[in-house]
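Line order of the protein sequences matches chains S and P. Numbers in our numbering are just positions in the first sequence, counted from 1, shifted up by 47. Numbers in our numbering are just positions in the second sequence, counted from 1, shifted up by 127. Only one structure is covered here, and it is reproduced in the block below.
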Amino acid sequence: GESVGLHLPTLSVQEGDNSIINCAYSNSASDYFIWYKQESGKGPQFIIDIRSNMDKRQGQRVTVLLNKTVKHLSLQIAATQPGDSAVYFCAEIPPGGGADGLTFGKGTHLIIQP
Amino acid sequence: DTGVSQNPRHKITKRGQNVTFRCDPISEHNRLYWYRQTLGQGPEFLTYFQNEAQLEKSRLLSDRFSAERPKGSFSTLEIQRTEQGDSAMYLCASSRQFDTEAFFGQGTRLTVV
Numbered sequence: 048g049e050s051v052g053l054h055l056p057t058l059s060v061q062e063g064d065n066s067i068i069n070c071a072y073s074n075s076a077s078d079y080f081i082w083y084k085q086e087s088g089k090g091p092q093f094i095i096d097i098r099s100n101m102d103k104r105q106g107q108r109v110t111v112l113l114n115k116t117v118k119h120l121s122l123q124i125a126a127t128q129p130g131d132s133a134v135y136f137c138a139e140i141p142p143g144g145g146a147d148g149l150t151f152g153k154g155t156h157l158i159i160q161p
Numbered sequence: 128d129t130g131v132s133q134n135p136r137h138k139i140t141k142r143g144q145n146v147t148f149r150c151d152p153i154s155e156h157n158r159l160y161w162y163r164q165t166l167g168q169g170p171e172f173l174t175y176f177q178n179e180a181q182l183e184k185s186r187l188l189s190d191r192f193s194a195e196r197p198k199g200s201f202s203t204l205e206i207q208r209t210e211q212g213d214s215a216m217y218l219c220a221s222s223r224q225f226d227t228e229a230f231f232g233q234g235t236r237l238t239v240v
């Protein structure tokens, strides 16, 4: 079946550096993509989203890039801080779907080294 | 109302026992979702409600799982005759009807021994 997946299970970066977390998706019809951050012992927290008709969206210290040609999604975090340490999930929603259609990938564990 | 609230945070139960978890959504959200998350995996959708109506339940894991939202506010998820494989984090989320952003609670960690 179609699924959302991630390239790297763990990513370690130095505090202050930029980090890039990648995600591959296989449902070319997906309409909407979301990045979630999940800290230990907590539920997923919305970070940023992007619609399929966009290729880039920026937030505060975060940028999401969507490459529909190769079905690739990335999350860039600028000037990483210790509080950025968490597991990051990408999730997709098919056309016409709402949050009930959320399909999550496996997650990347981001570790910020002091 | 500061967010989605789930109780209990942790539950340890013996195999074969029934367990029930509660979720209180954000008050103005009419949609409520239940997910299950196992270690190292992303959340897996189970079921959702719009107000008191359960609109999708085909993805509940077995007939031992059931959920209710009788008054369209809080919801309960019940697992009957628990098995060790039911050990996981059970997450609840809520949203407004046409929003794609769902807000998650902190989850209930179930351990079946």
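Positions of the beta carbon are idealized from the N, C-alpha and C atoms, including for glycine. Since the structure is predicted, the reported quantities are computational estimates derived from the model, not experimental observations.
Here the region 156-168 of chain P makes contact with the region 178-197 of chain P; the two share three or more CB pairs at distances below 8 Å. When C-beta distances to chain P are compared with 8 Å, the residues of the region 85-98 of chain S below that value are Gly-88, Lys-89, Gly-90, Pro-91, Gln-92, Phe-93, Asp-96, in chain order. For Tyr-79/S, the neighbours in chain P by C-beta distance under 8 Å run, in chain order, Thr-227. It is roughly 29 Å from the alpha-carbon of Phe-136/S to the alpha-carbon of Thr-140/P.
Contact between Thr-238/P and Phe-148/P fails: their C-beta atoms lie close to 13 Å from each other, not under 8 Å. In this structure, Asn-145/P sits near Gln-207/P, with a CB-CB distance shorter than 8 Å. Within chain P, the residues Arg-158, Ser-222, Gln-224, Phe-225, Asp-226, Thr-227 have their CB atoms less than 8 Å from the CB of Gly-145/S, given in chain order.
Ranking Lys-138/P, Pro-152/P, Arg-136/P by CA distance to the CA of Phe-231/P puts Pro-152/P first. Under the Cβ criterion of 8 Å, Gln-181/P is not counted among the residues facing chain S.
In terms of CA proximity to Ser-185/P, Asp-147/S leads the group Asp-147/S, Ser-59/S, Ser-77/S. Listed along the chain, the chain S residues whose CB falls inside 7 Å of the CB of Tyr-175/P are Asp-147. With a cut-off of 8 Å on Cβ pairs, the region 120-128 of chain S is not in contact with the region 198-212 of chain P, counting fewer than three such pairs. For Lys-153/S, the residues of chain P that pass the 9 Å Cβ criterion are Gly-167, Gln-168, Gly-169, in the order they occur in the chain.
Listed in chain order, the beta strand (DSSP E) runs fully inside the region 128-200 of chain P are 132-134, 137-140, 146-151, 158-164, 171-177, 180-183, 192-195, counting runs of at least 3 residues. Rounded to the nearest angstrom, the gap between the Cα atoms of Ile-140/S and Ala-133/S is 23 Å.
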